[in-house]
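J.:
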Amino acid sequence: MDLALIVSVQVLYAVATLVIISAGLAVIFGMMRVINLAHGEFLMLGAYSAIFATKAGINIWIAMLVVAPICVGLFGIVVERLIIRHLYGRMVDTMLATWGLSLLCVGLVTSLIGNTTSGVSTPEGNFSIGAYSVSFYTSALIVIAVLLLFAIRWVLRSTDWGLIARGTMQNPAMADVLGISPTRVYSITFAVGAALSGLAGGLLAPVSGVVPTMGASFIAKAFITVIGGGSSILAGTASASALFGLINQLATFITTPVFGEVALFIAAVVMLRMLPQGITGRFFKGSL
Amino acid sequence: MDRRKFIQTTAGGIAAGTAGMYGSSALAADDIKVGSIHDLSGGLDIYGKPMVDALTLAIEEQNAAGGLLGKKVALINYDSQSNMQKYTEYAQMAALKDKVAVVHGGITSASREVIRPVLTKNKTLYFYNTQYEGGVCDRNTFCTGVTPAQTVQKLIPYSMKKWGKKVYVIAADYNYGQITSQWVKKYVTEGGGSVQAIEFFPLDVTNFGPTIAKIEAAKPDFVVSALVGGAHMSFYRQWGAAGMLKKIPMASSTFSVGNEQVVLAPEECNGMVLSYNYFEKIATPQNKAFLAAFHKRFGADYPNVTELAMGTYQGFKLWAEAVKKAGSIDRVKVIEALESGISIDAPSGKVTVDGASHHCILDVSLAEVKNKKLDILQTFSQQAPSDTSAVCNLKKNPADNQQYVIKV
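Protein sequences, first through last, are from chains A and B. Here the first sequence stands for residues -8 to 279, numbered as in the working numbering. Here the second sequence stands for residues 270 to 677, numbered as in the working numbering.
#1: If the cut is a Cβ gap below 9 Å, which residues of chain B does A/S208 touch?
#2: Can you tell which of A/D84, A/A(-5), A/A191, A/G153 has the C-alpha that lies nearest to the C-alpha of A/A54?
#3: Please confirm if B/Q507 has its CB atom under 9 Å from at least one CB of chain A.
#4: When you compare only the Cα positions, how much space is there between B/K340 and B/D308?
#5: Taking the continuous beta strand (DSSP E) assigned at B/A363, which residues delimit it?
#6: Go to B/Y397, then tell me how far its beta strand (DSSP E) extends in each direction, as first and last residue.
#7: Select from B/M502, B/Q507, B/D490 the residue whose C-alpha is nearest the C-alpha of B/D518.
#8: Measure the alpha-carbon distance for B/H373 versus B/K302 and round it to whole angstroms.
#9: Considering only residues of the same chain and omitting the five flanking positions on each side of B/V405, which have a CB-CB separation below 6 Å?
#10: Pull up the distance between the alpha-carbon of B/Q465 and that of B/T657, whole angstroms please.
#11: Taking a contact to mean a Cβ-Cβ separation below 9 Å, would you say B/F470 touches B/W508 in this structure?
#12: Over what stretch of residues does the alpha helix (DSSP H) that includes B/M502 continue unbroken?
#13: Rounded to whole angstroms, how far is the Cβ of B/G610 from the Cβ of B/G624, which I believe are closer than 8 Å?
#14: So what does DSSP say about B/M290, is it helix, strand or coil?
#15: Determine whether the Cβ of A/L(-6) lies closer than 9 Å to any Cβ atom of chain B.
#16: What is the DSSP secondary structure of A/G272, reduced to helix, strand or coil?
#17: What do you get for A/T150, buried or exposed, if any count of 16 or more other CB atoms within 10 angstroms of its CB means buried?
#18: Could you please give me the residues that DSSP links to B/M519 through a beta bridge?
#19: For the region 37 to 79 of chain A, which segments carrying the alpha helix (DSSP H) assignment without a break, of at least 4 residues, lie completely within its bounds, in sequence order?
#20: From B/E459, B/P554, B/M353, B/N391, pick the residue whose C-alpha is nearest to that of B/S310; which is it?
#21: Is the Cβ of B/K639 closer than 9 Å to any Cβ of chain A?
#22: Whole angstroms is fine: what's the gap from A/F307's alpha carbon to B/Y445's?
#23: According to DSSP, which residues form a beta bridge with B/N346?
#24: Does DSSP put B/L631 in a helix, in a strand, or in coil?
#25: Please list the partners that B/A441 has in chain A, where partner means a Cβ-to-Cβ separation under 8 Å.
#26: Starting from B/N444 and walking both ways along the alpha helix (DSSP H), at which residues does that stretch end?
#27: With three or more C-beta pairs closer than 8 Å as the rule, is the region 180 to 190 of chain A touching the region 17 to 32 of chain A?
#28: Which same chain residues, not among the five before or five after A/F274, have their C-beta less than 6 Å away from its C-beta?
#29: At which residues does the alpha helix (DSSP H) containing B/E468 begin and terminate?
#30: Mind reading off the beta-carbon distance from B/A578 to B/P319? Whole number of angstroms is fine, and I expect it under 8 Å.
#31: How many whole angstroms separate the CB atoms of B/Q583 and B/V620, which I take to be in contact at a CB cut-off of 8 Å?
#32: Which residues bound the beta strand (DSSP E) around A/T150?
#33: What does A/Y4 touch in chain B if you count any residue whose Cβ is under 8 Å from its own?
#34: Need the endpoints of the beta strand (DSSP E) that B/K619 sits in, please.
#35: What does A/T85 touch in chain B if you count any residue whose Cβ is under 9 Å from its own?
#36: Under a Cβ-count criterion, where at least 16 other Cβ atoms within 10 Å of its own Cβ denotes burial, should B/K665 be classed as buried or exposed?
And the structure:
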């Protein structure tokens, strides 16, 4: 019984991790159709921001939840202005440009900070479920992932800004006619996506080794989650995270972490064969 | 995975541009050239940087004492960037282009097996100075680091006596972790205990949540860790965060080699038991003098001189001693001098080359992690590399060239 509970907590944790690492990509790719291959490096920059802020004496929660997204969000604005803006609608070109950006980020951070693994300690504390202990941070990540989904939903559905952003993505010419500047909306949306990636990096900093190349271990999973989710960014990300997180973690429990990853990718391939439009291409149609 | 490799190579390339190949600028025509192939960037640089620092100091000391055979010793340093292809490339460059007298280098066992055949084929003497899984038998190669018969054999009985007989093993997924975990199993079984499970992790795994829950379910008396590299450090963080450190103790054959105890918080690793040849707290006059010189050269705030750094320092000293005895840097003459049982008074104690196995007889200590420091618990004097010498005799079979692997 205790084991079942602990397995469920771990599954929820895996799902939460997928939600957190994919949210930024879901906004940038799902809404703007920009394939951001530098997504992993946005995570990495967020992780480093959180680490530097913590080392400067800022409370770790503020560093992760506030400093990391703000830093990467600002970086996102700069990137959008300098690179992405000129390439809207040219998918292959954005891929190449963001790939180049990804290499540049890794190279710059390596030469500035060095290629040594750094990190911060996980916030203290744990509680027990029967004979097992769960770290407080694991449950915090689950709660944060849920809040994150609700926050995105609230912004997109219940605020003017969400409506404007969705409208602009659907028909920028019409938005322009109605007196909304699409360039500004694009810029803000990209910054929000980047900030979400930064948040993910900040949140992952305490539980993973932070190196300039850390993005590579997350980007494949983030892309598979977003693409597996399909056209609705919110329902898609949530359902794909739930499916892949469950498969990954159960396989890991039964066998080894290596096979857990393999199971995730096999599941993704099989699913995309059966549902080429992603989960929300068939289910939850028309949801956000 | 092409993209990842591409990133690593590119990142490494940029890093190499800044790091450069220092030492080569001071090269004069008749200097004795010593090659060093270590990772100074990439995921394994936590191991490589201290090794190169120690080698630099050893060579500077040699030159300050008048050099070797009346000549200056020059270090040619190659940054292999935690990339196996670079190892092949630089091993060839060292042997064929720069024609060095000896190569010190290789960190993981995987990298050793990449450069060892290259150097053996090109008749360039090779020193591998890292603690490793044992069994390498090659007349051109000297392994000066400790092997499982010297470390694991002390670590396991001590831990079993202290904590109990049920053991859970977690190890890095390549030849080092696979072979070392078999040694752990052997010593646990010999001590009347049982190994509940052995789990392997590729070097880039960072989520250990399910593993930690599995370990909790298995309820071992202690865990043995042979995890390697930066990503695996998150295991200790997650283990500490789940409050496991207080419940299930841990012994490790790799911890602290990359100064993990300095990076992690004390509450994430206090109480862990380790076994190596060298610890900073060894209280001999030789070690005090070494540490004074080291800190003078690299700064008083240098975090900790690691096992691998000391291995490299001692490896160079052994080679230099053999060159003096041979009166030449000729490969065969130096090998013969080393095989005659060269011995040095090193900071870690007496270190003697075992001529038959090309491994070393040296002191081994058990230590405990305590508030970012390593406190010595017990020292075992002059331990022989009995795992390798049981299967490898290069005096009888000089043509032998293989790595023997334990069968359990």
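Heads up, the beta-carbon is just placed ideally off N, CA and C, and yes, glycines get one too. All figures in this text were calculated on a predicted structure; none of them were measured in a lab.
T.: In short:
#1: Position 217 of the first sequence, counted from the first residue, corresponds to residue 208 of chain A. Here the neighbours are R273, D473, V474, T475, A500.
#2: Numbered from its first residue, the first sequence carries residue 54 of chain A at position 63. Nearest of A/D84, A/A(-5), A/A191, A/G153 to A/A54, Cα basis: A/A191.
#3: For the purposes of this step, residue 507 of chain B is taken as residue 238 along the second sequence, with counting starting at 1. Contact with chain A is found for B/Q507, since one of that chain's Cβ atoms lies less than 9 Å from the residue's Cβ.
#4: If you number the second sequence from 1, residue 340 of chain B lands on position 71. If you number the second sequence from 1, residue 308 of chain B lands on position 39. In a straight line, the C-alpha of B/K340 is about 28 Å away from that of B/D308.
#5: Against the second sequence, residue 363 of chain B aligns to sequence position 94. Neither: B/A363 is in no beta strand (DSSP E) and is coded neither H nor E.
#6: Locating residue 397 of chain B in the second sequence gives position 128, counting from the first residue. Element bounds for B/Y397: 394 to 397.
#7: For the purposes of this step, residue 518 of chain B is taken as residue 249 along the second sequence, with counting starting at 1. Looking at the sequence provided, one finds Pro at residue 518 of chain B rather than Asp. Residue B/D490 holds the alpha-carbon nearest to the alpha-carbon of B/P518 among B/M502, B/Q507, B/D490.
#8: The residue you call residue 373 of chain B lines up with position 104 of the second sequence. The residue you call residue 302 of chain B lines up with position 33 of the second sequence. The straight-line gap from Cα to Cα measures roughly 11 Å.
#9: Residue mapping note: residue 405 of chain B aligns to position 136 of the second sequence, counting from 1. C412, Q672, listed in sequence order.
#10: Position 196 of the second sequence, counted from the start, is the residue given in the question as residue 465 of chain B. Position 388 of the second sequence, counted from the start, is the residue given in the question as residue 657 of chain B. Cα to Cα, the separation comes out at about 27 Å.
#11: As a position in the second sequence, residue 470 of chain B is number 201, starting the count at 1. As a position in the second sequence, residue 508 of chain B is number 239, starting the count at 1. It is not a contact, given that the beta carbons lie outside the stated cut-off.
#12: Counting from 1 along the second sequence, the entry for residue 502 of chain B is found at position 233. 502 to 510 is the extent of the alpha helix (DSSP H) around B/M502.
#13: Mapped onto the second sequence, residue 610 of chain B falls at position 341. Mapped onto the second sequence, residue 624 of chain B falls at position 355. Correct: roughly 6 Å between the Cβ atoms.
#14: The count along the second sequence starts at 1 and reaches residue 290 of chain B at position 21. A caution first: B/M290 carries a pLDDT of 46, below 50, which makes its placement in the model unreliable, though a value can still be read off. B/M290: coil per DSSP, three-state reduction.
#15: Translated into positions along the first sequence, residue -6 of chain A becomes position 3. Taking Cβ atoms only, chain B reaches closer than 9 Å to A/L(-6), which makes this a yes.
#16: Your numbering for residue 272 of chain A matches position 281 in the first sequence. Three-state DSSP puts A/G272 in a helix.
#17: On the first sequence, position 159 is the one that residue 150 of chain A refers to. A/T150 comes out exposed.
#18: Indexing the second sequence from 1 puts residue 519 of chain B at position 250. Its beta-bridge partners are B/V492.
#19: 59 to 73
#20: Reading the second sequence from its first residue, position 41 is the one you call residue 310 of chain B. Nearest C-alpha to B/S310: B/M353.
#21: Numbered from 1 along the second sequence, position 370 holds the residue referred to as residue 639 of chain B. Closer than 9 Å: no.
#22: An answer regarding residue 307 of chain A cannot be provided, because it is not within the stretch -8 to 279 covered by chain A.
#23: Translated into positions along the second sequence, residue 346 of chain B becomes position 77. B/N346 pairs with B/S305.
#24: If you number the second sequence from 1, residue 631 of chain B lands on position 362. In the three-state reduction of the DSSP assignment, B/L631 falls in the strand class, which pools E and B.
#25: Position 172 of the second sequence, counted from the start, is the residue given in the question as residue 441 of chain B. None at all; the shortest Cβ gap to chain A is about 12 Å.
#26: Here residue 444 of chain B refers to the residue found at position 175 when the second sequence is read from its first residue. Element bounds for B/N444: 444 to 459.
#27: yes
#28: As a first step, residue 274 of chain A is located in the first sequence; it is residue number 283 there, counting from the start. Cβ contact annotation for A/F274 (same chain, cutoff 6 Å, sequence separation greater than five): none.
#29: Locating residue 468 of chain B in the second sequence gives position 199, counting from the first residue. Segment 463 to 470 is the beta strand (DSSP E) holding B/E468; no alpha helix (DSSP H) there.
#30: What you label residue 578 of chain B is simply residue 309 of the second sequence in a count that begins at 1. What you label residue 319 of chain B is simply residue 50 of the second sequence in a count that begins at 1. So it is a contact: roughly 4 Å between Cβ atoms.
#31: Position 314 of the second sequence, counted from the start, is the residue given in the question as residue 583 of chain B. Position 351 of the second sequence, counted from the start, is the residue given in the question as residue 620 of chain B. Rounded, the Cβ-Cβ distance is 5 Å, consistent with contact.
#32: One-based indexing of the first sequence puts residue 150 of chain A at position 159. Looking at the DSSP string, A/T150 is not in any beta strand (DSSP E), and its letter there is neither H nor E.
#33: Within the first sequence, residue 4 of chain A is the residue found at index 13, counting from 1. Correct list: G478.
#34: The sequence position of residue 619 of chain B within the second sequence is 350, counting from 1. 618 to 623 is the extent of the beta strand (DSSP E) around B/K619.
#35: Here residue 85 of chain A refers to the residue found at position 94 when the first sequence is read from its first residue. None at all; the shortest Cβ gap to chain B is about 16 Å.
#36: On the second sequence, residue 665 of chain B is found 396 positions in, with the first residue counted as 1. Exposed, because fewer than 16 other Cβ atoms sit within 10 Å of the Cβ of B/K665.
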